[in-house]
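Just so we're aligned: 175 in full-length UniProt numbering is position 175 of the sequence shown, and the numbers increase by one with no gaps anywhere.
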Amino acid sequence: MERKTCSLGLDIGTTSAKVIALAEDGTLITQRGHRLDLLHREDGAAEQDVTAVYAALMDVLSNVLTELRADNWHVRHVGFSAAMHSILAVDKAGTPLSHAVTWMDTRAKQSATDLWESETGKTIYTRTGTPVHPMSPLVKLHHWNQQRPEWVASIYKFVSIKEWIWHQWFGEWTVDASMASATGLYNVAEGAWDSQALQVAGVSLDQLSRVVPTTTCIPSIKSDVLRSLGFDEEVLFNIGATDGVLANLGVGAVEPHTLVLTIGTSSAVRVTSLHAQTNVDTRSFCYVLDGERFVLGGPSNAGGISVESLYAQVLAGIGVAWQPEELGAKLLEAGEVETRDLLCLPYVAGERAPLWAPEARASWIGIDRSHTGLHLLRAVVEGVLLNAYWIATSLFEMTGRPKKVMASGKLLEVAWIRQLMADIFGLPVYENQNGDASAVGAVWLAEIASGVRSLQDVLTTGQAEVSVTHPRTELQEHYQAKLERFQRLATFLN
Numbered sequence: 001m002e003r004k005t006c007s008l009g010l011d012i013g014t015t016s017a018k019v020i021a022l023a024e025d026g027t028l029i030t031q032r033g034h035r036l037d038l039l040h041r042e043d044g045a046a047e048q049d050v051t052a053v054y055a056a057l058m059d060v061l062s063n064v065l066t067e068l069r070a071d072n073w074h075v076r077h078v079g080f081s082a083a084m085h086s087i088l089a090v091d092k093a094g095t096p097l098s099h100a101v102t103w104m105d106t107r108a109k110q111s112a113t114d115l116w117e118s119e120t121g122k123t124i125y126t127r128t129g130t131p132v133h134p135m136s137p138l139v140k141l142h143h144w145n146q147q148r149p150e151w152v153a154s155i156y157k158f159v160s161i162k163e164w165i166w167h168q169w170f171g172e173w174t175v176d177a178s179m180a181s182a183t184g185l186y187n188v189a190e191g192a193w194d195s196q197a198l199q200v201a202g203v204s205l206d207q208l209s210r211v212v213p214t215t216t217c218i219p220s221i222k223s224d225v226l227r228s229l230g231f232d233e234e235v236l237f238n239i240g241a242t243d244g245v246l247a248n249l250g251v252g253a254v255e256p257h258t259l260v261l262t263i264g265t266s267s268a269v270r271v272t273s274l275h276a277q278t279n280v281d282t283r284s285f286c287y288v289l290d291g292e293r294f295v296l297g298g299p300s301n302a303g304g305i306s307v308e309s310l311y312a313q314v315l316a317g318i319g320v321a322w323q324p325e326e327l328g329a330k331l332l333e334a335g336e337v338e339t340r341d342l343l344c345l346p347y348v349a350g351e352r353a354p355l356w357a358p359e360a361r362a363s364w365i366g367i368d369r370s371h372t373g374l375h376l377l378r379a380v381v382e383g384v385l386l387n388a389y390w391i392a393t394s395l396f397e398m399t400g401r402p403k404k405v406m407a408s409g410k411l412l413e414v415a416w417i418r419q420l421m422a423d424i425f426g427l428p429v430y431e432n433q434n435g436d437a438s439a440v441g442a443v444w445l446a447e448i449a450s451g452v453r454s455l456q457d458v459l460t461t462g463q464a465e466v467s468v469t470h471p472r473t474e475l476q477e478h479y480q481a482k483l484e485r486f487q488r489l490a491t492f493l494n
């Protein structure tokens, strides 16, 4: 039997670890995932046990390899994607000395406020492209250095979850330029750790990993762990990039005329640029994709977590157990109702862009006796999309209005939600149908890095399978008015 070849994309998110396999022509072979737990040990905390994350990823990876071997698939390349902004302390042996603190953790909010209100904070932001916010490793380190300077100084290294896993595999402390650019410690223009940011964080160069290009590859022969899992010696592992920039690559959005909205646990609006740009007024981010491209955008805490949390806490009944399939069915039903003047501010986890208010809270506004749970559920989805469009409008000022929007994320797999998105954005919405966008992007970058594909090859493959939803022009005025009301209320109440 002829041996078939494929590539893998690994993605570590906030709530799941995923692995996909794509054939040489870009066809999805298989996709598997493992749910991850968030630890909330105290108010504002959102942490992960890095050893549990690693075990989940290796379990999914092992299962995918078993499935592929059974059908005579041979892996050639592996790309690596991970969520931004996690940070943990390790000793010289690589043993974790803390849990990984994630982007959702808000305990450094006062440090973020103080730093942003100073000229130093704004100056560092313009050079690093990472918004000054509790999510940022810079701000977390600044907070810890104020609270426990002796502890910070004693730590061998501060790394992300991705760096720690790479060290488990290859025994080296290395970080890709994309992940580095999401720390608030990396000077994007110079391509090096920023000396002023390190001083504010209270750490030295030795306490951070060596930065390498996102196209860096290492053969699996250099990893006993990976070879024991069953990888052939010649398989190339690409260090990859962050989930956000790879989602853009995964849906083929590498030009300014294409906007991307990804809704996972959180959400983000992103556009690719050939120039590094920042905006102090909006605190838009600027992260590295490769040596020539940057991804600009705004991150929002309002996403799937808003829909799930408000459904679990209110709509399913407080204290009532529910299953994810139940919410999926209700979401489909919610497409049959109209919210009219009902609004939801979906800020169950505080907010980053556009409010930059860690204390922001969720609320429904305009409820009357005719509204049911389905109306409230639809209003949450509308609130997430209105908030995303609010972020997008600030990007238009930097890169111009795009011609289309690419949709990625599980929530946007629902047809009526894509239609609502098209109506709110006033742009055609393209849905990529080839698996998780960040994991797909990890595959594309791995194949580009190894030289088996060019960027143009990837774009042709990546855009082969799309469906398009066009905006209904007769609703533009309605949603523009609703957006303006949403902005006024969100600003006033938060």
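Beta carbons are placed, not taken as given, at the ideal position from N, Cα and C, and that holds for glycine.
Legend entry - Proximity of Tyr430 and Val466 at Cβ, strictly below 8 angstroms: yes
Inset, instruction - For the region 8-21 and the region 58-72, state whether three or more C-beta atom pairs, one from each stretch, are separated by less than 8 angstroms. - result: yes
Legend entry - Residue of Thr214, Met104, Ser154 and Val414 minimising C-alpha distance to Ser450: The residue with the shortest Cα to Cα distance from Ser450 is Thr214.
Inset, instruction - Look up Tyr389 in the DSSP assignment and say whether it is helix, strand or coil. - result: helix
Legend entry - 8 angstroms Cβ shell around Arg227 - same chain, five flanking residues per side excluded: Ser220, Ile221 and Glu233
Legend entry - Ile20 (DSSP reduced to helix, strand or coil): strand
Inset, instruction - If I'm right that Pro299 touches Ala353 with Cβ under 8 angstroms, what's the distance once you round it to whole angstroms? - result: Contact between Pro299 and Ala353 is confirmed by a C-beta separation of about 6 angstroms, below the 8 angstroms threshold.
Inset, instruction - Excluding the 5 residues preceding and the 5 following Leu483 in the sequence, name in chain order all residues of the same chain whose CB lies nearer than 8 angstroms to its CB. - result: Closer than 8 angstroms at the Cβ level, and outside the excluded window around Leu483, lie Leu386, Tyr389, Trp390 and Ile424.
Inset, instruction - Starting from Pro299, follow the beta strand (DSSP E) in both directions and report where the run begins and ends. - result: Phe294 to Ser300
Inset, instruction - Count the other CB atoms, across all protein chains shown, that sit within 10 Å of the CB of Asp281; report buried if there are 16 or more and exposed otherwise. - result: exposed
Legend entry - Inter-residue Cα distance where the pair is Ala316 and Trp322: Cα to Cα, the separation comes out at about 7 angstroms.
Inset, instruction - Rounded to whole angstroms, what's the CA-CA distance from Gly303 to Leu411? Just pull it up for me. - result: 9 angstroms
Inset, instruction - Verify whether the separation of the beta carbon atoms of Leu88 and Ser81 is less than 8 angstroms. - result: no
Inset, instruction - Let me know the secondary structure DSSP gives Gly33 once reduced to three states. - result: If DSSP states are grouped into helix, strand and coil, Gly33 belongs with the strands.
Legend entry - Residues bridged to Trp193 [DSSP beta-bridge criterion]: DSSP, once it has assigned bridges, lists Tyr186 as partnering Trp193.
Legend entry - Rounded separation between Thr30 and Gly441 - CA only: 15 angstroms
Inset, instruction - State the Cα-Cα distance for the pair Ala17 and Thr102, rounded to the nearest angstrom. - result: Using only the alpha carbons, I get a separation of about 15 angstroms.
Legend entry - Nearest residue (CA-CA) to Leu259, options Thr265, Ser266 and Leu249: Leu249
Legend entry - 6 angstroms CB neighbourhood of Thr469 in its chain, flanking five on each side removed: Arg418, Gln419, Ala422 and Val429
Legend entry - Burial state of Trp169 (16 or more Cβ within 10 Å): buried
Inset, instruction - Go to Val50, then tell me how far its alpha helix (DSSP H) extends in each direction, as first and last residue. - result: Val50 to Ala70
Inset, instruction - Using beta-carbon positions only, say whether Asn494 and Ala334 come within less than 8 angstroms of one another. - result: No; because the gap between Cβ atoms is not below 8 angstroms, this pair is not in contact.
Legend entry - Which of helix, strand or coil DSSP assigns to Arg3: coil
Inset, instruction - For Ser284, I'd like the list of residues in its chain whose CB is within less than 6 angstroms of its CB, leaving aside the five on either flank, ordered along the chain. - result: Leu296 and Gly298
Legend entry - Touching by the beta-carbon criterion (3+ pairs, under 8 angstroms), the region 109-124 and the region 470-489: The region 109-124 and the region 470-489 do not touch, with fewer than 3 CB-CB distances between them shorter than 8 angstroms.
Inset, instruction - Name the two residues that bound the continuous beta strand (DSSP E) containing His77. - result: Trp73 to Ala82
Legend entry - His142 vs Ser111 beta-carbon contact at 8 angstroms: yes
Legend entry - Rounded separation between Arg76 and Val348 - CA only: 42 angstroms
Legend entry - CB of Gly191 within 8 angstroms of CB of Ala182, strictly: no
Legend entry - Buried versus exposed, by CB contacts within 10 Å (16 or more), Leu355: Leu355 comes out buried.
Inset, instruction - Check the DSSP bridge columns for Met406 and list the partner residues they point to. - result: Val260 and Tyr430
Inset, instruction - From the DSSP output, in three-state form, read off Phe237 for me. - result: strand
Inset, instruction - Would you list the residues sitting across from Ala100 in a DSSP beta bridge? - result: Gln48
Inset, instruction - Count the CB pairs spanning the region 260-272 and the region 143-161 that are closer than 8 angstroms, and state whether there are at least three. - result: no
Legend entry - Delimiting residues of the beta strand (DSSP E) encompassing Asp176: Thr174 to Asp176
Inset, instruction - Have a look at Tyr54 and Tyr287 and give me their C-alpha separation to the nearest angstrom. - result: 25 angstroms
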